[in-house]
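Undergrad: Please find one structure pasted underneath; my questions will follow.
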Amino acid sequence: LPASSPALRSAGARCLSMAQGGHDGPSRRDALAAASAALLSLLPGAAGAFDNRTAPKGKYPPTPGAPKKGVGAGLPKEGGTLAFCGNAPNCFSPAGNQEDDSDHYYRPWRTSKGREDAMADLLKAVEAYPPGQQKIDGGGWKVAKQEPGYLWVQYESAKRGYKDDLEFAIVKEGEVQVRSSSRLGYLDDGVNMKRINWFVDYLSQDTAWSAEKITKEGFPRYFEENT
């Protein structure tokens with residue numbers, strides 16, 4: 588919603604009235620908290636938790652943040668990759684190479700299946716993902732974009748409503764690029780690692796798939812700072 592939308596202006600007026608209420612109404616602190624929650628609920632990307640959440644909502648308004656630049660852009664052009672990570676240890680990406688960015692570079696998965704069958708396997712894995720596994724993503728998940736050769740999934744934390752983004756892209760036949768990242772903060776407490784490793788375990792049940800897990804040996808800085 589744009590800032591000038593009638594809904595947002597109306598909500599703002601109601602919130603101001605609450606915050607200025609008399610002694611018989613809620614306290615100023617409670618009124619301001621309610622006002623903030625009401626306004627946040629109208630902003631893009633600030634909607635409540637996903638329908639498949641497994642944990643109760645936290646007491647604070649969700650803080651989803653915005654996707655990083657390039658996330659959700661769809662299938663990269665031939666020879667391209669999903670977006671680079673920043674410096675923070677809360678992201679893994681196929682962009683770059685091991686020599687230039689060993690903290691974030693994650694090798695693409697390999698599969699002997701064709702593009703269509705590989706995408707069907709990925710979607711099946713996404714649908715099988717259990718919110719709350721290893722105490723992460725308790726706020727649920729949803730598929731934000733699905734195109735031929737490309738899949739973007741959003742995940743939400745249980746308490747604060749933080750959102751993460753997971754992307755799969757088949758730019759080259761037999762190769763699946765994977766990018767998982769947090770939108771906010773510096774550390775991720777191992778969340779992106781646990782999410783990727785769940786998918787590795789799931790797909791590795793099929794011998795047509797080959798994928799490396801995120802390990803302490805492969806990503807020492809990530810483990811040092813997040814665990």
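Here the sequence shown stands for residues 588 to 814, numbered as in this note's numbering. Where is the CB? At the ideal position from N, CA and C, for every residue including glycine. Note that the structure is a prediction, hence the values are computed from the model and not measured.
1) Taking Cβ positions, are Gln741 and Lys759 nearer each other than 8 Å?
2) Leaving out five residues on either side along the sequence, give the residues of the same chain with a beta carbon under 7 Å from the beta carbon of Ala624.
3) At which residues does the beta strand (DSSP E) containing Asp688 begin and terminate?
4) Looking at the structure shown, is Glu811 part of a helix, part of a strand, or coil, going by DSSP?
5) Determine the DSSP secondary structure at Leu710, reduced to helix, strand or coil.
6) Answer with buried or exposed for Ser744, where buried requires no fewer than 16 other C-beta atoms within 10 angstroms of its C-beta.
7) In the DSSP assignment, the beta strand (DSSP E) including Arg766 goes from what residue to what residue?
8) Nearest to Trp739 by alpha carbon, out of Glu686, Ser797, Ala712?
9) Helix, strand or coil for Glu703? Go by DSSP, reduced to three states.
10) Three or more C-beta pairs under 8 Å: does that hold for the segment 670 to 682 against the segment 702 to 711?
11) Starting from Ile723 and walking both ways along the beta strand (DSSP E), at which residues does that stretch end?
12) The beta strand (DSSP E) spanning Lys656 covers which residue range?
13) Tell me which same chain residues have a C-beta within less than 6 Å of the C-beta of Val778, skipping the five on either side of it?
14) Let's test the definition: count the other Cβ atoms within 10 Å of the Cβ of Asp687 and tell me whether it reaches 16, buried, or not, exposed.
15) Quick one: using the 10 Å Cβ neighbour count with 16 as the cut-off for buried, is Gly772 buried or exposed?
16) Name the residue from Arg640, Ala660, Ala653 whose alpha carbon lies nearest to the alpha carbon of Ala756.
17) Determine the contact status of Asp638 and Gly727, defining contact as a CB-CB distance below 8 Å.
18) Using the Cβ count rule (16 or more neighbours within 10 Å means buried), how would you classify Arg754?
19) How many whole angstroms separate the CB atoms of Lys750 and Gly652, which I take to be in contact at a CB cut-off of 8 Å?
TA: Reading from the atomic positions:
1) Contact flag unset, no.
2) Caution applies to Ala624, whose pLDDT of 43 falls short of 50 and renders its modelled position unreliable; the value that the coordinates give is listed next. So the qualifying residues of the chain are Pro648.
3) Looking at the DSSP string, Asp688 is not in any beta strand (DSSP E), and its letter there is neither H nor E.
4) helix
5) helix
6) buried
7) 762 to 769
8) Looking at the Cα atoms, Ala712 is the closest of the given residues.
9) helix
10) Output reads no: the segment 702 to 711 does not touch the segment 670 to 682.
11) From DSSP, Ile723 is part of no beta strand (DSSP E); its letter is neither H nor E.
12) Careful: Lys656 lies outside any beta strand (DSSP E) and carries neither H nor E.
13) Ile723
14) exposed
15) exposed
16) Ala660
17) For the pair Asp638 and Gly727, the CB atoms are nearer than the 8 Å cut-off.
18) Before going on, a small fix: residue 754 reads as Glu here, not Arg. Glu754 should be labelled buried.
19) Indeed, because the Cβ distance is near 6 Å, the residues count as touching under 8 Å.
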